[in-house]
Amino acid sequence: MPSLFSRITSLLLLMAAGAAFGALPGYAGIGLGAATGALAWLVWDNWRAQSFADWLHRIREDPDTPPPRLDSQRQEFSERIQRLLRKQGRETKELENRLNNLQSALQASPNGVIILDEQECIEWCNRMACEHFGLDSRRDISQRITHLLRVPSLVKSLAARDFSEAITLESPISTASRPLRLEVRLLPYGQGRLLMLSQDVTAIEQAEAMRRDFVANVSHEIRTPLTVLAGVVETLQTLPLGDEERANMLHRMAQQAGRMKNLVADLLTLSRLEDSAPPGMNEWTPVCTLLERVNTDALALSAHLAGKDSPGHCIIFEGMDASGEIAGLASELQSAFFNLVNNAIRYTPPDGTIAVSWRRQSNGSARFSVQDSGPGIAPEHIPRLTERFYRVDSDRSRASGGTGLGLSIVKHVLQRHNATLSIESSPSRGSCFTVTFPSERIRMS
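Going left to right, the sequence shown walks through residues 1395 to 1839 as the numbering used here numbers them.
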């Protein structure tokens, strides 16, 4: 009311001023003067209204823009509008911060996250989802998910709107060298919208497959000697045997019992290596001591396998006088070294040559290598040699007394000592196994 009264007063004053000015020439100009004053007021009031409208347009971009000089009513309106806009700006900024924080959290998630609208089109996805499915967060927005992922189980689940079970599928970017298996869950929310979560289960499936293979392999490895033992025991119990036959049977029993004993010992060694903490840097062992022990055991094994009528292998050790030391557990290092020499001896003919060497490198690292003149290994077998129970020739490995766990033990020991194993081999040209120790585990004594 005060503002309306003020505007009416301003109009009357301008009309009175115009009438007074028009009365100067005579009474005939009073009406014209009053009309001129009213027109001037309308122009002035329209200018103020336009200024107010222009200010309303500007404060959309900057709520802090000061209003023009207005009448009291518009001044009050402008102050209220400005307060509301500032409050709305603060709330909008707070919502944007919450949204950014939520998106940042979803981006940091180890799982893939895809938001689908009512038409099952992609509204948003995080980086992990892009890695899982080979998506582009810009290009594939608004694309229907089934057009990008043509997986029958996913299409069926979406068509039936049945999201009770997780879907396991192979990623579109999965390759033979880098397999990628995903577990996908669809969670409905809102009005027909979906949250699609993906998790990399490749390692889990591989571990499960390894567990199944491990149980099957252990069962097979134990079943064979047990079958032999059971057969021998039954023979001894049911058939009358001479001293020579009985001795032969007992020898076979001893062989199979020794085989099971070695298998159990290797399994326990692997379990201990996996469960114990990595060796530190506070225990140093002279390299020459390790090489001397390996040399002694190698000569004894070669003589045992060759028998009395054979000269045995030609075993050459280089670096026996090494003055350096290596950080780690001596028992584990000796086990790894001897396993490599043991394999070379068992798979190399008795008249073959085995060269064992230890060499320091210019960068401070060191290499332990075992080279033999044996039958060699085909290229397709080399990447799998350190797998448990993997054998290039199963019959020959068992005949030589191997358990199929030697190189697995070597791999675990080397990993615990930050060392690496490289294998070079080809059929009929022998094999060379090389262990490289980092410089921080080697020092001059």
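The beta carbon of each residue, even a glycine, is placed where N, CA and C say it ideally should be.
Beta-carbon contacts of residue i that lie in its chain and below 8 Å, excluding the five residues immediately before and after
i	result
Asp1530	Cys1524
Glu1514	Arg1538, Ile1539, Thr1540, Leu1552, Leu1588
Val1595	Thr1562, Arg1575, Leu1576, Glu1577
Arg1344	Examination of residue 1344 is not possible in this model, given that the chain is present from 1395 through 1839 alone.
Phe1831	Ile1720, Ser1759, Ala1760, Arg1761, Phe1762, His1811, Asn1812, Ala1813
Residue environment, residue i, which counts as buried when at least 16 other CB atoms sit within 10 Å
i	result
Trp1752	buried
Asp1534	buried
Met1604	exposed
Ile1748	buried
Asn1494	exposed
Thr1683	exposed
Pro1634	exposed
His1707	buried
Met1675	exposed
Thr1690	exposed
Ser1819	buried
First and last residue of the uninterrupted alpha helix (DSSP H) at residue i
i	result
Glu1514	Glu1514 -> no alpha helix (DSSP H), and no H or E assigned at all.
Glu1527	For the record, residue 1527 in the displayed sequence is Phe; it is not Glu. Where Phe1527 is concerned, the enclosing alpha helix (DSSP H) stretches over 1521-1527.
Val1735	1724-1741
Ala1610	1596-1632
Ser1895	Past the edges of the chain, shown from 1395 to 1839, lies residue 1895, and the structure says nothing about it.
Ser1665	1637-1669
Thr1540	1539-1542
Beta-carbon contacts of residue i that lie in its chain and below 6 Å, excluding the five residues immediately before and after
i	result
Leu1801	Leu1779, Thr1780
Asn1520	Leu1500, Gln1501, Val1507
Ala1692	Ile1709, Val1735
Met1838	Gly1718
Within 8 Å, strictly: CB atoms of residue i and residue j
i	j	result
Glu1512	Arg1587	yes
Ala1730	Val1764	no
Phe1565	Phe1527	For clarity, residue 1565 is Ser in the given sequence; the question names Phe instead. Yes; because the gap between Cβ atoms is below 8 Å, this pair is in contact.
Gly1722	Arg1835	yes
Ile1616	Leu1657	yes
Residue i - partner residues in DSSP beta bridges
i	result
Glu1564	Arg1575
Thr1830	Arg1761, Thr1814
Tyr1583	Arg1587
Gln1444	Partner(s): none; Gln1444 has no beta bridge.
Ala1721	Trp1678
Val1507	Leu1591
Chain-order list of residues whose beta-carbon lies under 7 Å from that of residue i (same chain, five-residue window excluded)
i	result
Ser1551	Phe1557, Ile1561, Leu1580
Start-to-end residues for the beta strand (DSSP E) that takes in residue i
i	result
Gln1765	1760-1766
Arg1810	Element bounds for Arg1810: not the beta strand (DSSP E) but the alpha helix (DSSP H), 1800-1810.
Thr1683	Not the beta strand (DSSP E): Thr1683 falls in the alpha helix (DSSP H), residues 1681-1700.
Val1750	1747-1754
Ile1710	1708-1712
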